[in-house]
Every structure is written in structure tokens, then in C-alpha cells.
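Student:
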Amino acid sequence: MINIVDLSHQILTEFNNPKVAIDMTCGNGYDTIYLSKIADKVYAFDIQTEAIKNTTKLLDENKVQNVTVIKESHDLFDIFVSENIDLVIYNLGYLPSGNKDIKTETLIVINSLEKVLYQLNTNGIVVIVIYLHNTDESNKIENYINKLSSNFDVMKYQVLNKSDCPYILRINKCK
Ligand SMILES: C[S@@+](CC[C@H](N)C(=O)[O-])C[C@H]1O[C@@H](n2cnc3c(N)ncnc32)[C@H](O)[C@@H]1O
């Protein structure tokens, strides 16, 4: 069976020698630690104290030193990240085994995407992991990225014969 998180990580390896990467929703830190292995420098954002604690603990336990963990909403990433960016991951929804009321919000995700696409290097990749199909959030995000200019390639990775599987939206900046 396809593991959607592994697939999202595999997509990120297509960028050669990434310098700067962002985990927009660090949660328990699994995407962050993966990014720390492939990129020179990583920024990890989350709005939730528990997520910041969990991510920091995981990074400390693994002696990771190239990550800056920031308790702030991802639409404000540009206050902290001035460099151009090579890789970005969003893992939408709520913290697994955490407070289900604290979850990503469509307009905030779209605001963040709008800014990050501008700051993305040519050949840069944005991966968005979505757990539920046909929700207000997934529909609005898809509508937004479907309308991006031809400077971007937009792709969807979806298991077609299982309706409740998570899926991936991917954006590549072509120029
Ligand atoms: C599905 S979890 C992320 C899982 C994580 N990537 C991992 O590897 O464990 C979604 C996370 O998004 C966070 N979140 C929700 N709104 C956010 C926002 N505006 N900015 C940053 N993080 C946000 C939640 O607090 C939650 O921890």
C-alpha cells in the first residue's frame, strides 16, 4: 500500500542540493527531520505549543542542528525567512493525537502559498499533503493552485480506487 508521507518525501528529493526548505506545519516534526537531512537549512513553523515542543524534542534527540523552529502562523513565514526557498511542505489538518480544534485554515494556507510561490527558486517544489477529499479546504486550495500561471506546473497524486486515502498536491516553479 502506498504511504503518502513517504511519497511526499520522495517528491522533495527531486530538487538537487536544496539550500533552504520550510516545513509550514511541523506538528510532531517528522517532515522537519526529513527536510533537515536533505536541505542545508530548514525553517519549521507551527502555531501550537505542543507541536513546537514535539518537533524540538525530536530534533534534539537526533542532534539536528540546521533547523530553526518558529511558533508562528505559516502565512507570516516571510518575517523570518528572507532567503529564496527551494522546498516547502504543508501537511494539512490537525496534530495527530492532539487538539482537533487547532487545524489549518484555508485562507491562511492560501495566503501563505501566495507568498511562498513568489519566494520560491526556479525548479523549487511545494508539496501539500491533504487528508480529506471534497472538503471546503481541499476544494478551495485546489481551485487556487489550478489557476496558477504557466510559470508553474501543478500536479495531483491520488489513489484512484480508494476514496478516503490522503493525496498530494505538488507545485513546481518552472521559471
Ligand atoms: C497534520 S499536522 C502536521 C504533521 C507534521 N508535519 C508531522 O510531520 O508530524 C498539522 C499541523 O498544522 C498546524 N497548524 C495549523 N494552522 C497552522 C498555521 N496557521 N501555521 C502553522 N501551523 C499550523 C497544527 O498545529 C498541526 O500541528
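Heads up: the sequence shown begins at 3 in the working numbering, then just goes up one per residue. Ideal Cβ placement from N, Cα and C applies to all residues, glycine included.
When you compare only the Cα positions, how much space is there between Leu37 and Ser151?
Tutor: 27 Å
Student: Any idea if Lys175 is buried or exposed, counting beta-carbon neighbours within 10 angstroms, 16 or more meaning buried?
Tutor: Within 10 angstroms of the beta-carbon of Lys175 lie 16 or more other beta-carbons, which makes it buried.
Student: With hydrogens ignored, establish whether the beta-carbon of Gln160 is closer than 7 Å to any heavy atom of ligand 1.
Tutor: Ligand 1 never approaches Gln160 closely enough for any of its heavy atoms to be under 7 Å from the residue's Cβ.
Student: Within 7 Å: the Cβ of Cys167 and any heavy atom of ligand 1?
Tutor: no
Student: Beta-carbon separation of Thr106 and Leu94 under 8 Å?
Tutor: yes
Student: Rounded to the nearest angstrom, what separates Val118 and Ile130 at their Cα positions?
Tutor: 13 Å
Student: Do the CB positions of Asp77 and Gln121 come within less than 8 Å of each other?
Tutor: no
Student: Pairs of beta-carbons, one from the segment 39-57 and one from the segment 142-158, closer than 8 Å: are there three or more?
Tutor: no
Student: Got a sec? Which residues, its chain only, sit under 8 Å from Ile87 by beta carbon, not counting five neighbours each side?
Tutor: Closer than 8 Å at Cβ, skipping near neighbours: Val22, Ala23, Ile24, Val118, Gln121, Leu122, Asn123, Gly126.
Student: Check for me: the alpha helix (DSSP H) holding Lys142 runs from which residue to which?
Tutor: 138-148
Student: Determine the extent of the alpha helix (DSSP H) in which Leu37 is found, giving its start and end residues.
Tutor: 32-40
Student: Please say whether Asn68 and Gly31 have beta carbons closer to each other than 8 Å?
Tutor: no
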